[in-house]
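Asks:
Protein chains: 2
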Amino acid sequence: MPHSVPSVEATADRLHSAAIHLLRHVRKEDAQSGISGAQLSALSVLVFAGPQTLGALARAEQVTPPTMSQLVNALEKQGLARRKDRDRRSILVSATAEGRRLLQAGRRRRLKRLARALAALAPEKLALLGEAADLLLRATAAAETEQAGDDNRRR
Amino acid sequence: MPHSVPSVEATADRLHSAAIHLLRHVRKEDAQSGISGAQLSALSVLVFAGPQTLGALARAEQVTPPTMSQLVNALEKQGLARRKDRDRRSILVSATAEGRRLLQAGRRRRLKRLARALAALAPEKLALLGEAADLLLRATAAAETEQAGDDNRRR
DNA sequence: GCCGCATTGTTAGGTTACCTAACAATCACG
DNA sequence: CGTGATTGTTAGGTAACCTAACAATGCGGC
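From first to last, the protein sequence lines stand for chains A and B. Numbering follows this note's numbering, with no gaps: position 126 of the first sequence is 126. Numbering follows this note's numbering, with no gaps: position 122 of the second sequence is 277.
1. When burial is assigned at 16 or more other CB atoms within 10 Å of the CB, is T64/A buried or exposed?
2. At what residue ranges does the stretch 174 to 246 of chain B contain a whole run of the beta strand (DSSP E), taking only runs of 3 or more?
3. Please say whether R110/A and E29/A have beta carbons closer to each other than 9 Å?
4. Along the stretch 25 to 47 of chain A, where does the CB come closer than 8 Å to a CB of chain B? Name the residues.
5. Quick one: give me the first and last residue of the alpha helix (DSSP H) that V97/A is part of.
6. Could you give the DSSP three-state label for R309/B: helix, strand or coil?
7. With a Cβ-Cβ cutoff of 9 Å, do A18/A and L292/B count as a contact?
8. Return the residue from the list M68/A, Q52/A and V45/A that minimises the CA-CA distance to R86/A.
9. What do you reckon, are the CB atoms on L269/B and L195/B nearer than 9 Å?
10. Do we get a CB-CB distance below 9 Å when we pair G285/B with the residues of chain A?
11. Measuring alpha carbon to alpha carbon, tell me which residue in E216/B, R243/B, R255/B and M223/B is nearest G234/B.
12. In whole angstroms, give me the CA-to-CA distance for P123/A and G130/A.
13. From the DSSP output, read off the bridge partner residues of S249/B.
14. Name, please, each residue of chain B whose Cβ falls closer than 8 Å to the Cβ of Q62/A.
15. CA-CA distance, G139/A and L170/B?
16. Relative to the C-alpha of T145/A, which residue among R214/B, L212/B and R271/B is closest?
17. With a cut-off of 9 Å, does the C-beta of A139/A fall near any C-beta of chain B?
18. Could one say the Cβ of I91/A lies closer than 9 Å to chain B's Cβ atoms, at least one of them?
19. R271/B CB to nearest chain A CB: under 9 Å?
20. Which whole-angstrom value describes the C-beta separation of A74/A and A95/A, a residue pair presumed to lie in contact below a C-beta threshold of 8 Å?
21. By DSSP, does A298/B sit in helix, in strand, or in coil?
22. Check the Cβ of R110/A against every Cβ in chain B and list those closer than 9 Å, keeping chain order.
23. Can you tell me the Cβ-Cβ gap for A38/A and V163/B, rounded? I've got them flagged as a contact below 8 Å.
24. Can you give the beta carbon distance from S224/B to L209/B, rounded, assuming they're within the 8 Å contact cut?
25. Give a yes or no on whether 9 Å exceeds the smallest Cβ distance from R113/A to chain B.
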C-alpha cells in the first residue's frame, strides 16, 4: 500500500474535518433567520434547484415524504413556499419571492462570516481554495450520479 | 469594487457550497451507525477533543445545557459515554471505549465514501485538496478564537 | 467565616423534526 | 377497464431542541 504520494484516505479525512468546521462556523448566523435549520435547508434546495415535487425534495433532503410534507406546511404558513398541482396527485413546491429574500439574506450572513475568516489569506491561497472547491463539487456530483442507481436499489 | 483577482466573497461562496455537498454526501453512511446525528456529533467531539464538562460540550455543539444533558443521558444509556464528577456541581463527560469504537467505525464509513469520490483525481489535484483543507482549518480556527469574545458577549 | 452572586446541571413542559404504518387518490399500462 | 406502482397526506409515536424555574455548589469581598 503506497503512501509516498498524498493518500486519498488522508486527504478525505482532512477535507471532511475542514467541511465540518466550516459549516459549524457559518451556521452560527442561522439563528437570525427566524426559521429552523431544517426549513432553511429545504428552502435552499427550492431556491437553488428550482421547483420540485414533494418527493424529490424529500429525497434531496434525505428525509421521508411525511416529514417533508410537514416542513412544507410550515414554510407555506409563513409565506416562504407554495404548493402547486402538477397533475392531480403530484405537486410542485416552489419558493415564494419572500422565501427567496429570506434565504438570500441568511446566505449573505453566512458568506460574510466565512469571508471574514478568509480575509487574511494571500491571493494565491484564495485562488487555491477556489480551485479546490470546484474540484470537490465536481467529484461529489460525479459520485452522486454514479451511486444513484445503487441507492435506489437499496431503499 | 475589484474583481480581477479571485474575490474573497466568490471563493467563500464556492467553498460553502462544496462543504454542504460534501457533508450531504458522506452523511448517507450515518444511518448504519444505529444512533442519531445529534448523538453522533456530540460523541465525535468527546472522542476528538477529549472529556468535556457538560456546558462546554453544549457550547461546542451550539446547543443549550438541558438539550446536551438529555443527549448525554441517551449516550450513557447505550454505554457510549460516561459522566464523572469533577467537583460537586460540574461533571466531566467522556466517551467510553465502546463509544470510541462506534464513532470510529462510522467515521471510517464516511471517509471511505468520500475517498471513493476522490479516487479518480490525479495526484496533484489531491495534493491541492489536501493543502486547501489545511488552509481552511487554520482560517476557521483563527476566526473562532477571534470571535470567541464577541460571541460570549452576545449571549 | 459568611453572604451574596455567579456558575453548573437538572426538571418540567412545550414545540418542532423526524419516523413507520396505514390510507386515499391517481396514473400507467397491459 | 382493472391492477399495480406512484405520490401525498393522516395518525400516532419518539427524539431533539427550546425557555423557565430551580437546586446545589463554588467563590470573592468584606
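For glycine and all other residues, C-beta sits at the position ideal for the given N, C-alpha and C. On a predicted model such as this, the values are computed, not experimentally measured, just so you know.
Replies: Put simply:
1. As a first step, residue 64/A is located in the first sequence; it is residue number 64 there, counting from the start. Counting the other Cβ atoms within 10 Å of the Cβ of T64/A gives fewer than 16, which makes it exposed.
2. Segments of the beta strand (DSSP E) lying fully in the stretch 174 to 246 of chain B: 236 to 240.
3. For this step, residue 29/A is matched to residue 29 along the first sequence. For this step, residue 110/A is matched to residue 110 along the first sequence. Yes; because the gap between Cβ atoms is below 9 Å, this pair is in contact.
4. The residues in question are H25, V26, R27 and K28.
5. The count along the first sequence starts at 1 and reaches residue 97/A at position 97. Reading the sequence as shown, one finds Ala at residue 97/A and not Val. It spans A97 to L118 - the alpha helix (DSSP H) in which A97/A sits, taken as one unbroken run.
6. Numbered from its first residue, the second sequence carries residue 309/B at position 154. With a pLDDT of 45 at R309/B, under the threshold of 50, the modelled position of this residue cannot be trusted, and the question is left open.
7. Locating residue 18/A in the first sequence gives position 18, counting from the first residue. Locating residue 292/B in the second sequence gives position 137, counting from the first residue. With contacts defined as CB atoms closer than 9 Å, A18/A and L292/B qualify as a contacting pair.
8. For this step, residue 86/A is matched to residue 86 along the first sequence. Nearest neighbour of R86/A by Cα position, chosen from M68/A, Q52/A and V45/A, turns out to be Q52/A.
9. On the second sequence, position 114 is the one that residue 269/B refers to. On the second sequence, position 40 is the one that residue 195/B refers to. Contact annotation: L269/B and L195/B have beta-carbon atoms that are not nearer than 9 Å.
10. On the second sequence, residue 285/B is found 130 positions in, with the first residue counted as 1. The Cβ of G285/B sits closer than 9 Å to at least one Cβ of chain A.
11. By 1-based counting over the second sequence, the position of residue 234/B is 79. Answer by Cα proximity: R255/B.
12. Taking the first residue of the first sequence as position 1, residue 123/A is located at position 123. Taking the first residue of the first sequence as position 1, residue 130/A is located at position 130. Looking at the two C-alpha atoms, the distance is approximately 11 Å.
13. Here the question's residue 249/B lines up with position 94 in the second sequence. In the DSSP assignment, S249/B is bridged to R237/B.
14. Your numbering for residue 62/A matches position 62 in the first sequence. Near Q62/A (Cβ distances below 8 Å), the residues of chain B are R179, R182 and K183.
15. Along the first sequence, one-based indexing puts residue 139/A at 139. Along the second sequence, one-based indexing puts residue 170/B at 15. In the sequence as presented, Gly is not what sits at residue 139/A; that position holds Ala. Rounded to whole angstroms, A139/A to L170/B spans 14 Å at the Cα level.
16. If you number the first sequence from 1, residue 145/A lands on position 145. Taking only the C-alpha atoms, the option nearest T145/A is R271/B.
17. Position 139 of the first sequence, counted from the first residue, corresponds to residue 139/A. Interface with chain B (9 Å Cβ-Cβ cutoff): A139/A is included.
18. Here residue 91/A refers to the residue found at position 91 of the first sequence. Taking a beta-carbon distance threshold of 9 Å, I91/A does not count as an interface residue toward chain B.
19. The residue given as residue 271/B occupies position 116 in the second sequence. It does: the Cβ of R271/B has a partner Cβ on chain A nearer than 9 Å.
20. Residue 74/A sits at position 74 when you count from the first residue of the first sequence. Residue 95/A sits at position 95 when you count from the first residue of the first sequence. Contact flag wrong, Cβ pair sits at about 14 Å.
21. Position 143 of the second sequence, counted from the start, is the residue given in the question as residue 298/B. Secondary structure at A298/B: helix, using DSSP grouped into helix, strand and coil.
22. Counting from one through the first sequence, the residue named residue 110/A turns up at place 110. The answer, in chain order, is A167 and H171.
23. In the first sequence, the residue the question calls residue 38/A occupies position 38. In the second sequence, the residue the question calls residue 163/B occupies position 8. Wrong, their Cβ atoms sit about 30 Å apart, outside the cutoff.
24. To locate residue 224/B, count along the second sequence from 1; it is residue 69. To locate residue 209/B, count along the second sequence from 1; it is residue 54. The pair is a contact, with the Cβ atoms about 6 Å apart (cut-off 8 Å).
25. Taking the first sequence and counting its residues from 1, the one referred to as residue 113/A is at position 113. Yes, its Cβ sits closer than 9 Å to a Cβ of chain B.
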